[in-house]
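The opening residue of the sequence shown carries number 5 in the working numbering; numbering runs sequentially from there.
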Amino acid sequence: MNLEQTIPLLSLNVLGPLALFALVSSITPGPNNIMLATSGLNFGFRRSMPHMMGVNLGFSLMILLVGAGLGAVFHTVPVLYTLLKYGGAAYLLYLAWKIATSGEIQEGGKRAKPITFLQAAAFQWVNPKAWVMVVGVAATYIPESGFFLNLIVATLVCGIVNLPSIGVWVTFGTALRRFLHRPMAVRAFNISMALLLVISLYPVAQELVAHWMS
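Right, here's the structure in full:
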């Protein structure tokens with residue numbers, strides 16, 4: 005029996021839009037890309053690779069787990085999602101502060117360290133943009149028929165598209181090393197990226213204000 009007759013795989017009509025969604029979502033500015041560009045500037049492409057791979061594989065695993073049922077847990081116990089969301093917002097503010105005050109050489113002559121693979125992978129679970137992307141993929145592009153096989157296919161597509169997309173930002177940051185030689189210029193770039201991270205929290209802040217005023 006033909007596999008396609010028993011489990012309808014994602015068709016090209018769906019794969020194309022899914023890949024486009026993954027491209028647009030992955031390559032546009034967001035917390036991951038802001039931090040990757042900053043890492044590229046401060047540490048170079050090679051030292052930023054664990055950070056980049058952590059984002060890619062962490063995001064892919066997140067799609068797989070949420071699609072496989074973890075999302076239902078958050079739906080059943082919404083307080084878990086609320087804690088994750090606001091905890092993530094607080095962590096983003098901490099990262100923004102770290103970026104704004106970072107440099108290649110820290111006080112006392114200690115070298116700064118880029119974000120590790122595990123840190124980047126874990127960060128996806130508190131990244132608001134990653135949640136929007138994951139929910140968008142699971143709810144919009146994966147049919148109910150043959151869901152789990154199609155979930156794996158969708159995860160692979162998103163992972164393949166995501167890696168070069170975020171790599172563009174590391175390359176961009178690394179290229180800036182040629183032009184931003186002065187410590188003041190590097191500090192200005194880091195502060196600008198930190199401010200963008202804070203701005204990315206606007207939807208969470210808006211929700212908090214609405215909750216307090218209700």
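Quick reminder that beta carbons are idealized off the backbone N, C-alpha and C, glycines included.
| task | For F183, name the three-state secondary structure that DSSP assigns. | result | The residue labelled residue 183 in the question sits at position 179 within the sequence shown. Three-state result, F183: coil.
| Three-state secondary structure (DSSP) of L199 | Indexing the sequence shown from 1 puts residue 199 at position 195. When secondary structure is reduced to three states using DSSP, L199 falls in the helix class.
| L167 beta carbon less than 8 angstroms from that of A125 | Within the sequence shown, residue 125 is the residue found at index 121, counting from 1. Within the sequence shown, residue 167 is the residue found at index 163, counting from 1. Not a contact, by the Cβ cut-off of 8 angstroms.
| request: Would you identify the three-state DSSP class for G34, choosing helix, strand or coil? | output: Indexing the sequence shown from 1 puts residue 34 at position 30. In this structure, G34 counts as coil in the three-state DSSP scheme.
| said: For the pair the segment 18 to 32 and the segment 88 to 96, tell me if three or more CB-CB distances fall below 8 angstroms. | reply: With the cut-off at 8 angstroms, the segment 18 to 32 and the segment 88 to 96 do not touch.
| query | Fully enclosed by the segment 137 to 193, which alpha helix (DSSP H) runs are 4 residues long or longer? | reply | Those alpha helix (DSSP H) runs which fall completely within the segment 137 to 193 and span 4+ residues are 151 to 180.
| task | Specify, as a first and last residue, the run of the alpha helix (DSSP H) that G73 falls within. | result | In the sequence shown, residue 73 corresponds to position 69, counting from 1. Annotation for G73: no alpha helix (DSSP H) segment contains it, and DSSP assigns it neither H nor E.
| Is the segment 63 to 70 touching the segment 144 to 159, taking contact as three or more C-beta pairs under 8 angstroms? | Judged by Cβ distances under 8 angstroms, the segment 63 to 70 makes contact with the segment 144 to 159, as three or more pairs qualify.
| message | Let's see if you can read the secondary structure: which residues bound the alpha helix (DSSP H) around W129? | response | The residue you call residue 129 lines up with position 125 of the sequence shown. Counting along the chain, W129 sits inside no alpha helix (DSSP H), nor does DSSP assign it H or E at all.
| task | Within its chain, find whatever has a CB closer than 7 angstroms to the CB of N131; leave out the 5 residues flanking it on each side and keep chain order. | result | By 1-based counting over the sequence shown, the position of residue 131 is 127. Closer than 7 angstroms at the Cβ level, and outside the excluded window around N131, lie P35, N36, G92.
| Taking C-beta to C-beta, are M56 and G171 nearer than 8 angstroms? | As a working note, residue 56 is residue 52 in the sequence shown. As a working note, residue 171 is residue 167 in the sequence shown. Yes, the pair counts as a contact, with Cβ atoms nearer than the cut-off.
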